[in-house]
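Chains as they are written, first to last, in this note's numbering: chain X, 36 to 274; chain Z, 36 to 274. Here a beta-carbon is modelled for each residue, glycine too, at the ideal position from N, C-alpha and C.
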DNA sequence: AATGTCAATATCGTTGAACAATCTTTTAAT
DNA sequence: ATTAAAAGATTGTTCAACGATATTGACATT
């Protein structure tokens, strides 16, 4: 509810107001800090902002055309999400994924994803989303679109969590996934980082569809150990 | 890495600096927004701030001797935690727990706490914490200190989550627990809201100590269904 | 009396500037 | 080269201002 798109009857004389940066952009209804958080988050997972990099308040607020205050609100949000790190009187930095953070994240994933699968109901709407994600991934693989494969993979696992029917769990997992992508960014999107997992996902969703939840959960456990190992392996090379 | 405790060799001449408001208070090194968030969080779980209540920026910033900007940063943090709710152009309100939010929270608890127990190791340090919390609760019960029982209960379940050895899971659970306490606030701390659960906790930790994790997890499932039912029951009366 | 309209008022949303505190870099001295 | 002091840059926090939106209250209409 509550739309907000009547504007007019004002016609202020100064012409600099609504001009963001690029033209043809007038929606953007949400508060500035939230929009900033979303945009910066996107820059983080796209790799445009690299781990360890310092984010100067002055530079960023000018670049994004917002006040320092608003920017700081966004920084605080992202810091709480774990994507940024705050050092007193020194500024905020892009979090650098470490072995221990990867391990921690996979502990979370194992608990949540396996737990969700274990009690999954085979007619849950999320199952359909899982299936679609798998098919999309396959399709992308044919086109060697590894970025697309990675994206479909994220969708798949988010759908797994959604099996639990918990808004809080979904939100939490979204944050975890974003943090993990920060780690992926360091490794690029090579074929063998995603491709082998498509078939495991397929197996898993098939098991769920056939109401064999326990086996699905077990298979997910295998998936996660394998995935974790691949990432840690690729990780220690960059060390 | 990077500790932050060398400071000195500065000794600035002006003496008015660290005086906050009341005297005899000189530590408080953390940023204002974080301190605010902590304090307001305390007011929320103590019931000093009641669900549904609106928190005026002007009034609160004056009362706490901080600027509106700093207060807004804290509000944003607490909103992300789910303790406050933000309505555009209307302000922030203390979240009012609902049936659906209680149910959601218990879904989270079941998944996380049972999952953590299922793979618990009987020599994990957290087991000791669990045992101590149970004994503390018993001791409080003898003294009819139901507030203390509730507190010990919180400690117990936090320790259960800590069995998973995941910093992120611990942090997430802390938020969930705070949100749940918001709901408790509406119900007071009567004996029969906490007392019957002390023995179940005892059972659970005993099972873990004897390396019978699966049974412990199952028992925790019982605990949670029961606890949820009690709360929902007490809840629909206030409706 | 109930309802709808419109101005008056209070708040939020966001910004920009200001200043103290602290970190970093440069410069100077031993 | 090492250390100390001064200069410069950045963060931490506050304040004041103003547009936009919501709420309140007065007033008119049915």
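Nearest to residue 240 of chain X by alpha carbon, out of X:263, X:252 and X:185?
Checked all of X:263, X:252 and X:185; the closest Cα to residue 240 of chain X is X:252.
For the stretch 170–204 of chain Z, which residues have a CB atom closer than 9 Å to at least one CB atom of chain X, in sequence order?
From the stretch 170–204 of chain Z, only 199, 200, 201, 202, 203 and 204 have a Cβ closer than 9 Å to chain X.
Residue 248 of chain Z to residue 254 of chain Z, Cα distance in whole Å?
Taking the straight line from one Cα to the other gives about 10 Å.
Figure out for me which residue from Z:206, Z:207 and Z:185 has the closest Cα to the Cα of residue 227 of chain Z.
Nearest option by C-alpha distance: Z:185.
Provide the residue(s) that pair with residue 126 of chain X in DSSP beta bridges, ordered along the chain.
Answer by DSSP bridge pairing, in chain order: X:122.
In angstroms, rounded to a whole number, what distance separates the CA positions of residue 110 of chain Z and residue 170 of chain X?
Distance between the alpha carbons of residue 110 of chain Z and residue 170 of chain X is about 42 Å.
Can you give me the C-alpha to C-alpha distance between residue 150 of chain Z and residue 198 of chain Z, rounded to a whole angstrom?
Whole-angstrom Cα-Cα distance: 10 Å.
Could you please tell me which residues of the stretch 221–245 of chain Z, in chain order, have their CB closer than 7 Å to any CB of chain X?
Cβ contacts with chain X: none found.
Would the beta-carbon of residue 212 of chain Z fall within 8 Å of that of residue 193 of chain Z?
For residue 212 of chain Z and residue 193 of chain Z, yes; Cβs fall inside 8 Å.
Please classify residue 78 of chain Z: is it buried, with 16 or more other beta-carbons within 10 angstroms of its beta-carbon, or exposed?
By the neighbour-count rule (16 or more Cβ atoms within 10 Å), residue 78 of chain Z is not buried but exposed.
Strictly under 8 Å for the Cβ-Cβ distance: is residue 115 of chain X near chain Z by that measure?
Chain Z, which has a Cβ nearer than 8 Å to the Cβ of residue 115 of chain X, makes this yes.
Please decide whether residue 266 of chain X counts as near chain Z, where near means a Cβ-Cβ distance under 8 Å.
It does not: the Cβ of residue 266 of chain X has no partner Cβ on chain Z nearer than 8 Å.
What residues in the stretch 247–258 of chain Z have a beta carbon less than 9 Å from any beta carbon of chain X?
Cβ contacts with chain X come from no residue of the stretch 247–258 of chain Z.
For residue 125 of chain X, which of X:225, X:138 and X:88 has the nearest alpha-carbon?
Out of X:225, X:138 and X:88, X:88 has the C-alpha closest to the C-alpha of residue 125 of chain X.
Closest to residue 216 of chain X by C-alpha separation, out of X:136, X:231, X:122 and X:152, would be which residue?
It is X:136.
Could you tell me whether the Cβ of residue 82 of chain Z comes closer than 8 Å to any Cβ of chain X?
It does not: the Cβ of residue 82 of chain Z has no partner Cβ on chain X nearer than 8 Å.
From what residue to what residue does the alpha helix (DSSP H) around residue 205 of chain Z run?
Taken as a continuous stretch (DSSP letters only), the alpha helix (DSSP H) holding residue 205 of chain Z covers 202–220.
What residue from X:100, X:93, X:85 and X:81 has the CA that sits closest to residue 71 of chain X's CA?
With distances taken between Cα atoms, residue 71 of chain X lies closest to X:100.
Using a Cβ cut-off of 8 Å (strictly closer), state whether residue 108 of chain X contacts chain Z.
Chain Z contact via Cβ: present.
Give me, in chain order, the residues of the same chain whose beta-carbon lies closer than 6 Å to that of residue 86 of chain Z; leave out the 5 immediate sequence neighbours on both sides.
Only 129 and 131 meet the Cβ criterion.
Count the other CB atoms within 10 Å of the CB of residue 144 of chain Z; is the residue buried (16 or more) or exposed (fewer)?
Buried: at least 16 other Cβ atoms inside 10 Å.
Apart from the five residues on each side of it in sequence, which residues of its chain come closer than 8 Å, Cβ to Cβ, to residue 242 of chain X?
For residue 242 of chain X, where only same-chain residues beyond five positions count, the Cβ hits under 8 Å are 248, 250, 251 and 254.
Mapping DSSP to helix, strand and coil, what is residue 273 of chain X?
In the structure shown, residue 273 of chain X sits in a helix (DSSP, three-state: H, G or I).
Kindly list, in the order they appear in chain Z, the residues whose Cβ is closer than 7 Å to that of residue 213 of chain X.
The premise fails here: residue 213 of chain X is roughly 12 Å from chain Z at the closest Cβ pair, so nothing lies under 7 Å.
Please confirm whether residue 8 of chain X and residue 237 of chain X have their CB atoms less than 8 Å apart.
Past the edges of chain X, shown from 36 to 274, lies residue 8 of chain X, and the structure says nothing about it.
Round the Cβ separation of residue 127 of chain X and residue 90 of chain X to the nearest angstrom and send it over; I've been treating them as touching at under 8 Å.
At roughly 5 Å, the Cβ-Cβ gap stays under 8 Å, so residue 127 of chain X and residue 90 of chain X are in contact.
Just tell me which of X:103, X:218 and X:142 has its CA closest to the CA of residue 202 of chain Z.
Closest by alpha carbon: X:142.
Shortest alpha-carbon distance to residue 119 of chain X belongs to which of X:191, X:187, X:266 and X:75?
Minimum Cα distance to residue 119 of chain X is reached at X:75.
Mapping the DSSP letters down to three states, classify residue 89 of chain Z as helix, strand or coil.
DSSP places residue 89 of chain Z in strand when its eight states are reduced to three.
Taking residue 119 of chain Z as the query, report the chain X residues whose CB atoms sit under 7 Å from its CB, ordered along the chain.
Under the 7 Å cutoff, chain X gives no residues; its nearest Cβ is about 14 Å from residue 119 of chain Z.
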